[in-house]
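There are 2 protein chains.
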Amino acid sequence: MTGQAGTARRPTRQRAAIARALSGSAEFRSAQEIHADLAGSGTRVGLATVYRNLQAMATDGEVDVIRSPDGESVYRSCSTDHHHHVVCRSCGLAVEVTGDAVERWAEAVAAAHGFTQVRHTMEMEGLCPACTSSRQRGTVVRRPTQAPRRVVDG
Amino acid sequence: MTGQAGTARRPTRQRAAIARALSGSAEFRSAQEIHADLAGSGTRVGLATVYRNLQAMATDGEVDVIRSPDGESVYRSCSTDHHHHVVCRSCGLAVEVTGDAVERWAEAVAAAHGFTQVRHTMEMEGLCPACTSSRQRGTVVRRPTQAPRRVVDG
DNA sequence: ATTCACGATGAGAATCGTTGTCAAATGTGG
DNA sequence: CCACATTTGACAACGATTCTCATCGTGAAT
Ligand SMILES: [Zn+2]
Ligand SMILES: [Zn+2]
Ligand SMILES: [Zn+2]
Ligand SMILES: [Zn+2]
Numbered sequence: 004m005t006g007q008a009g010t011a012r013r014p015t016r017q018r019a020a021i022a023r024a025l026s027g028s029a030e031f032r033s034a035q036e037i038h039a040d041l042a043g044s045g046t047r048v049g050l051a052t053v054y055r056n057l058q059a060m061a062t063d064g065e066v067d068v069i070r071s072p073d074g075e076s077v078y079r080s081c082s083t084d085h086h087h088h089v090v091c092r093s094c095g096l097a098v099e100v101t102g103d104a105v106e107r108w109a110e111a112v113a114a115a116h117g118f119t120q121v122r123h124t125m126e127m128e129g130l131c132p133a134c135t136s137s138r139q140r141g142t143v144v145r146r147p148t149q150a151p152r153r154v155v156d157g
Numbered sequence: 004m005t006g007q008a009g010t011a012r013r014p015t016r017q018r019a020a021i022a023r024a025l026s027g028s029a030e031f032r033s034a035q036e037i038h039a040d041l042a043g044s045g046t047r048v049g050l051a052t053v054y055r056n057l058q059a060m061a062t063d064g065e066v067d068v069i070r071s072p073d074g075e076s077v078y079r080s081c082s083t084d085h086h087h088h089v090v091c092r093s094c095g096l097a098v099e100v101t102g103d104a105v106e107r108w109a110e111a112v113a114a115a116h117g118f119t120q121v122r123h124t125m126e127m128e129g130l131c132p133a134c135t136s137s138r139q140r141g142t143v144v145r146r147p148t149q150a151p152r153r154v155v156d157g
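Respectively, the protein sequence lines represent chains A and B. In terms of the numbering used here, the first sequence opens at residue 4 and continues consecutively. In terms of the numbering used here, the second sequence opens at residue 4 and continues consecutively.
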């Protein structure tokens, strides 16, 4: 059978704590970070439980989840400010951008296929101005592994 | 100093084999799959080498890379047909979509920040028509883990 | 062609995020 | 309160990716 009459998910102290921790920040955070936060604030929750609940909340559409470039799953409560990034492939410079155009497009194309409660992620990567000119001059920036600078921008 | 006069990357039999394997398919494939392909076709290449080269090619902008939902990095040679997905959060149904609007938007917004050689990834997720109506009827599809069906579409 | 310096390779160990296991604890419905 | 299905937690197991390091292959110089 595919579906079973809906017994809602049970409310537990752990689930509540995790939800609270999530809504506390507007940034994407990993399961481990959240687990650490909880532990730090005296709330004792098993790591596996954090993973399980974050997953559940994700499939229930309560949180957004994306994969960080390092391969971690990072979560963020849905309602928070929504934006995208343009990241430099060479030096890691990141710029935040927003744009109604994509938002509307995503909504429209998904709706056209009958999908509801649609959410999306989009990332752009290329060469930043500095790295672009470096390459033109024939020099190659070989993965400086420098900490990505984060540049906020509307 | 950030950059050093460019000693290009050295050509090796392994690198060539990996590049060939990549251009052979228009689909995203994982490092392990490519390694298996090579081994299958009698080309002996170390797994670590496959990883290293795929990464290098990615930072050089020769291949696209995204994270599959299972957490694997999957690679695809750049020039191949470009599209996006709308995936059902509940049953895994996936629809391929294309749209000039996003493509142009991404290009424009990145250019506005001086970025060049821009590439992007975008994924949408929501509830497919079937799962939407299921929920409305009060039934909950609890992660059937059914193999995602792939539905091509322009 | 020979030599040199250094990037590239490969085999296996080591990492580390994530998932599985299963007994104990805890909500729920009656 | 009772019977029962979920959820939790501690820890083992997994698996993709990265690291280590001895050895090899290339490009450049001689
Ligand atoms: Zn850059
Ligand atoms: Zn958006
Ligand atoms: Zn569905
Ligand atoms: Zn696109």
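Ideal Cβ positions, reconstructed from N, Cα and C, are used throughout, including at glycine.
Output needed in chain order: residues of the stretch 98 to 121 of chain A with a Cβ under 8 Å from some Cβ in chain B. V98, V100, G102, A104, V105, W108, A109, V112, A113, H116, G117, F118, T119, Q120 and V121
Is A150/B helix, strand or coil by DSSP? Residue placement at A150/B is flagged as unreliable, the pLDDT there being 46, under the threshold of 50; a coordinate-derived value is accordingly withheld.
Euclidean distance between Cα positions of H116/B and T101/A: 13 Å
In whole angstroms, what is the alpha-carbon distance linking D73/A and R12/A? 31 Å
contact_flag[the stretch 75 to 91 of chain B, the stretch 27 to 41 of chain B] where n(CB pairs < 8 Å) is 3 or more: yes
Should the stretch 101 to 112 of chain B be called in touch with the stretch 45 to 53 of chain B, which here means at least 3 C-beta pairs below 8 Å? no
Length of the line joining the Cα atoms of G45/B and A39/B: 10 Å
So, helix, strand or coil for E116/B, using DSSP? First, the amino acid is wrong: residue 116/B is His here, not Glu. If DSSP states are grouped into helix, strand and coil, H116/B belongs with coil.
Is the stretch 117 to 133 of chain B close to the stretch 112 to 126 of chain A, with three or more CB pairs under 8 Å? yes
The stretch 53 to 65 of chain A: positions lying closer than 7 Å to chain B by Cβ: The residues in question are T62 and G64.
Three-state class that DSSP yields for D167/A in the structure shown: Residue 167/A is absent from the model: chain A starts at 4 and stops at 157.
When DSSP labels each residue in this structure, what does T124/A get in the three-state scheme? strand
Excluding the 5 residues flanking H123/A on each side, which residues of the same chain have their C-beta closer than 7 Å to its C-beta? A109
Does chain B have any CB closer than 8 Å to the CB of L25/A? no
Might you give, ordered along the chain, the residues of its own chain that have their beta carbon closer than 6 Å to the beta carbon of V68/B, omitting 5 neighbours on each side? So the qualifying residues of the chain are A61, S76 and Y78.
Measure the alpha-carbon distance for E65/A versus R23/A and round it to whole angstroms. 12 Å
Let me make sure I understand the geometry here. Which of R18/B, V48/B and S71/B has the alpha-carbon closest to that of V90/B? S71/B
Apart from the five residues on each side of it in sequence, which residues of its chain come closer than 6 Å, Cβ to Cβ, to V112/B? none
Compare the C-beta of E30/A against all C-beta atoms of chain B and say whether one is closer than 8 Å. no
What's the gap between the Cα of M127/A and the Cα of R92/A? 10 Å
Using a threshold of 8 Å, state whether the C-beta atoms of V48/A and A20/A are closer than that. yes
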